[in-house]
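Below is one structure, written out as structure tokens, with a few remarks after it.
Protein chains: 2
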Amino acid sequence: MARATIYSIAERCGVSAATVSRVFNRPELVRESVRERVLRVAAELDYQPSSAARGLVTGRVGLVALLVPDITNPFFPLLVRSVQRTAERAGTSLMLIDAEESAAAEIRLVTKLRGRVDGVIVASPRASAAALREAARGLPCVLVNRTLRELSSVICDNTAALFDAGEHLYELGHRDFALLSGPNASWAAGRRSKAVRRWARGRGVRLAELGPFRSSFKGGRQAGAAFLATDTTAAFAFDDLMACGVIAELAENGVSVPGERSIVGCDDVLLAQTVTPSLSTVTAPLDDLGRTAVEVLIRQIEAPDAEPVAKVLPGVFTRRASTGPLTGAQASA
Amino acid sequence: MARATIYSIAERCGVSAATVSRVFNRPELVRESVRERVLRVAAELDYQPSSAARGLVTGRVGLVALLVPDITNPFFPLLVRSVQRTAERAGTSLMLIDAEESAAAEIRLVTKLRGRVDGVIVASPRASAAALREAARGLPCVLVNRTLRELSSVICDNTAALFDAGEHLYELGHRDFALLSGPNASWAAGRRSKAVRRWARGRGVRLAELGPFRSSFKGGRQAGAAFLATDTTAAFAFDDLMACGVIAELAENGVSVPGERSIVGCDDVLLAQTVTPSLSTVTAPLDDLGRTAVEVLIRQIEAPDAEPVAKVLPGVFTRRASTGPLTGAQASA
DNA sequence: CGTTGAAATGAAAGCGATTGCATGGATTCT
DNA sequence: AGAATCCATGCAATCGCTTTCATTTCAACG
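From first to last, the protein sequence lines are chains A and B. For the first sequence, the tail end lands on 333 under our numbering, and the numbers increase by one without skipping. For the second sequence, the tail end lands on 666 under our numbering, and the numbers increase by one without skipping.
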């Protein structure tokens with residue numbers, strides 16, 4: 001049986017296709033008895049409107065894309081969920097695209113999206129500002145965790161939370177810190193490093209800058225080795241993934257956390273709670289981040305010429321078990 | 334500037350829209366000089382075909398959906414990536430849908446997909462067989478990690494790998510085992526439990542069945558407590574997430590792994606490698622799973638009346654650090 | 001009972017692409 | 001040279017829906 005269309009429904013109901021269409025779009029314009037009949041028949045026939053046909057005439061396809069650099073990075077699934085949930089509530093579906101960490105792929109993929117989706121959310125883009133701007137031309141676009149003049153963005157500002165983390169460590173007695181920085185290409189990494197540097201300078205403590213390291217468990221192992229080679233006692237890791245690698249590396253070398261060294265991560269992914277010891281970290285408001293991104297995007301889709309907006313959501317420091325007091329034993333180390 | 338269409342391109346090139354269309358679909362039918370000119374103008378105008386218009390006439394929208402029960406479960410991101418990669422190679426995009434662990438949502442969402450996508454891959458569905466069959470009527474559909482007569486499926490069979498895991502533990506000296514079973518609604522959980530039971534019976538060892546527990550870190554903590562309450566020395570956890578919870582619970586109670594108890598997980602998610610001790614587990618061929626699912630789905634889309642196929646891919650036991658020899662100390666415990 | 005205005009419905013145009021068929025010009029064959 | 005063939009291209013129908021505009025229906029009113 002061929003798929004039901006508004007015509008097959010109209011025929012069965014003895015009305016015109018226009019009326020059937022109205023039942024779904026402007027039901028208040030249709031007499032109740034007719035409306036009910038149409039809905040009943042539609043249900044019987046398993047009618048689902050063709051998104052292609054509707055999209056062709058309305059110019060909207062009811063689809064927004066979310067481009068992530070690496071879906072296997074535990075940071076993103078929560079973002080994906082919140083974006084998808086918000087999108088569904090707004091009556092639009094989500095097209096997910098994994099750029100597999102390639103800046104070139106990002107650009108290529110965004111470019112291909114024009115005409116296929118109503119708008120795109122680009123999370124933590126690696127690509128250059130110029131390329132991004134060019135690729136997003138004529139396509140409503142919202143950046144997550146990156147700002148760019150001329151494009152809307154939603155970012156998580158961890159500055160205050162990193163200050164809190166620093167203060168927390170300072171109160172525990174730490175005076176010598178390590179900054180395990182993230183990839184140079186990462187905009188967020190730059191911001192985080194800057195925040196940590198600012199705090200350290202303001203607080204007047206020593207800060208050894210190590211890295212950059214990759215944002216992965218392995219990158220964290222390397223960072224951990226580098227951290228061990230210094231005589232610092234507390235480290236700011238670029239993110240949780242890296243922090244987990246650091247913890248593993250330290251454990252392997254018989255260095256206890258937080259007994260001998262303290263570590264804070266960033267993002268608060270699932271991993272941060274499951275690792276032993278659980279990770280003190282900066283919790284990103286992932287739910288808000290995703291929701292806000294969709295809201296901004298939808299506004300952008302509805303008013304394509306509106307000024308871009310830049311939303312900033314703060315992260316929050318969450319204390320767990322990977323940070324502890326500086327003991328006498330360490331101080332003498 | 335309004336978006337470019339085949340008409341605007343045709344006009345600029347002094348040819349008809351049909352020719353422009355052919356340049357993209359059957360380029361060999363168009364004279365080279367014309368083809369080049371059209372392509373150049375199309376590039377200049379940033380032309381992207383309207384997927385809606387194309388979909389309307391071809392009946393294909395170039396989109397397949399992947400429905401997962403919970404994107405935040407670390408099992409899925411790898412599947413998502415492999416599905417998306419394979420789909421992109423086949424020239425189709427991926428619509429991701431998170432059912433947020435609700436069987437009802439699964440059915441509702443699949444139903445809504447008819448007309449919006451060319452086909453759907455449903456991963457680890459929770460919904461009842463009847464509801465699934467009904468929802469997928471008239472929509473090419475492939476199940477992952479679940480079989481159902483009348484629908485195609487791609488599953489990972491862990492039976493042999495679980496036998497290997499058992500043998501491995503047996504050789505290490507273990508004789509008393511615990512089975513920490515997964516949710517009753519999970520088809521995979523049933524299969525895994527059955528495999529473990531079969532192995533234990535065949536091998537003639539004691540098997541304490543505990544649970545069911547939720548497939549989450551917390552569920553694992555509970556499972557860990559239950560495990561500790563027995564005098565068994567090795568546990569089969571339903572999956573890695575649960576196994577990590579078990580390890581955390583044991584660690585908190587001062588029980589060393591694998592010194593005092595051994596544990597194996599299932600799936601081999603990122604977590605399995607980052608947890609301390611790293612987890613001996615059954616590695617699922619996620620890449621193959623995703624790829625095969627897309628291939629089967631595409632075949633199904635191209636030949637909607639073909640018989641459903643059921644593919645089976647084997648898991649492989651991977652030894653890591655969470656399994657170790659039974660020491661005298663434990664035996665006496 | 002004819003008029004009027006509102007409410008309900010229908011007719012038809014178009015959205016942007018694909019594609020079967022017709023056409024016209026160049027090439028080849030007889 | 002005329003017929004047959006072939007290649008490149010254009011014409012026009014079509015996909016399923018939305019939406020404007022026109023038309024019909026009908027209740028209410030004078």
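C-beta atoms are modelled at their ideal positions from N, C-alpha and C, and glycine is treated no differently. From a predicted model like this one, the values you see are computed outputs, not experimental measurements.
Quiz prompt | Per-residue DSSP class, three states only, for Arg-206(A) | solution = strand
Quiz item: What does DSSP give as the partner residues of Pro-647(B) in its beta bridges?
Solution: Asp-490(B)
Self-check item: Nearest-angstrom Cα separation, counted from Ala-576(B) out to Phe-546(B)
Solution: 11 angstroms
Self-check item: Length of the line joining the Cα atoms of Ala-664(B) and Ser-595(B)
Solution: For Ala-664(B), the predicted model reports a pLDDT of 42, less than 50, meaning its position is unreliable and no value from the coordinates is stated.
Quiz item: beta strand (DSSP E) containing Val-64(A): first to last residue?
Solution: 63-68
Quiz item: If we ignore side chains and look at the alpha-carbon of each, how far apart do Leu-396(B) and Gly-452(B) end up?
Solution: 8 angstroms
Exercise. Taking all protein chains shown into account, decide if Ser-16(A) is buried (16 or more other Cβ within 10 angstroms of its Cβ) or exposed.
Key: exposed
Quiz prompt | Alpha-carbon to alpha-carbon, Asp-70(A) and Glu-101(A) | solution = 6 angstroms
Exercise. Answer yes or no: does any C-beta atom of chain A fall closer than 8 angstroms to that of Phe-560(B)?
Key: no
Exercise. For Pro-49(A), return the contacting residues in chain B, with the cut-off set at a CB-CB distance below 8 angstroms.
Key: Gly-448
Quiz item: Looking only at C-alpha atoms, which of Leu-399(B), Gly-657(B) and Ala-351(B) sits nearest to Ala-456(B)?
Solution: Leu-399(B)
Exercise. Taking only the alpha-carbon atoms, compute the straight-line gap between Arg-323(A) and Asp-573(B) and give it to the nearest angstrom.
Key: At residue 323(A) the sequence reads Thr, which differs from the Arg that was named. C-alpha separation (whole angstroms): 26 angstroms.
Exercise. Please confirm if Gln-663(B) has its CB atom under 8 angstroms from at least one CB of chain A.
Key: Because Gln-663(B) sits at a pLDDT of 44, beneath the cut-off of 50, its placement in the model cannot be relied upon, and the point is left open.
Exercise. Kindly indicate which residue of Ala-235(A), Glu-295(A), Val-282(A) and Pro-183(A) has the alpha-carbon position closest to the one of Arg-89(A).
Key: Glu-295(A)
Exercise. Go ahead and label Thr-19(A) buried or exposed: buried means 16 or more other beta carbons lie within 10 angstroms of its beta carbon, across all protein chains shown.
Key: buried
Exercise. Give every residue of the same chain whose Cβ lies closer than 6 angstroms to the Cβ of Gly-166(A), excluding the five residues on either side of it in the sequence, and list them in chain order.
Key: Trp-199
Quiz item: In chain order, which continuous runs of the beta strand (DSSP E) of length 3 or greater are located wholly inside the stretch 565-642 of chain B?
Solution: 567-570, 595-597 and 614-616
Quiz item: Looking only at C-alpha atoms, which of Phe-571(B), Met-428(B) and Glu-640(B) sits nearest to Leu-481(B)?
Solution: Glu-640(B)
Practice problem: Compare the C-beta of Leu-297(A) with all C-beta atoms of chain B and state if any pair is closer than 8 angstroms. | Solution: no
Practice problem: Return yes when the Cβ of Leu-412(B) is within less than 8 angstroms of the Cβ of Leu-604(B), no when it is not. | Solution: no
Quiz prompt | Where Val-275(A) meets chain B, residues with beta-carbon distance less than 8 angstroms | solution = Thr-607, Val-608 and Thr-609
Self-check item: Pairwise C-alpha distance: Gln-273(A) and Leu-337(A)
Solution: The requested residue 337(A) does not occur in the structure, where chain A is confined to residues 1 to 333.
Exercise. Drop a sphere of 10 angstroms on the beta-carbon of Thr-391(B), count the other beta-carbons inside from all chains shown, and report buried for 16 or more, exposed for fewer.
Key: exposed
Quiz item: What residues of chain A sit near Ala-584(B), judged by a beta carbon separation below 8 angstroms?
Solution: Thr-276
Quiz item: Any idea what DSSP makes of Ile-404(B), helix, strand or coil?
Solution: coil
Quiz prompt | Spatial neighbours of Thr-338(B) in its chain, beta-carbon cut-off 6 angstroms, leaving aside the 5 residues before and after | solution = none
Practice problem: Please classify Val-348(B): does DSSP put it in a helix, a strand, or coil? | Solution: coil
Practice problem: Report the neighbours of Ile-445(B) on chain A: residues whose CB is nearer than 8 angstroms to its CB, in chain order. | Solution: Here residue 445(B) is Lys; the residue named in the question, Ile, does not match the sequence. Within 8 angstroms Cβ-Cβ: Gln-48.
Exercise. Using DSSP bridges, identify the partner residues of Gly-119(A).
Key: Val-64(A)
Quiz item: In terms of alpha-carbon separation, which member of Ala-293(A), His-168(A) and Glu-209(A) lies closest to Ala-237(A)?
Solution: Glu-209(A)
Exercise. Report yes or no: is there a C-beta of chain B within less than 8 angstroms of the C-beta of Ser-128(A)?
Key: no
Quiz item: Does any C-beta atom of chain A lie closer than 8 angstroms to the C-beta of Met-428(B)?
Solution: yes
Quiz item: Should Ala-464(B) be listed as close to the ligand ATP, given that the test is whether its C-beta is under 7 angstroms from any heavy atom?
Solution: Of ligands this structure carries none, so the ligand ATP is not represented either.
Self-check item: CB contact flag (Thr-230(A), Leu-326(A), <8 angstroms)
Solution: no
Quiz item: What are the start and end residues of the beta strand (DSSP E) that includes Phe-213(A)?
Solution: Phe-213(A) -> no beta strand (DSSP E), and no H or E assigned at all.
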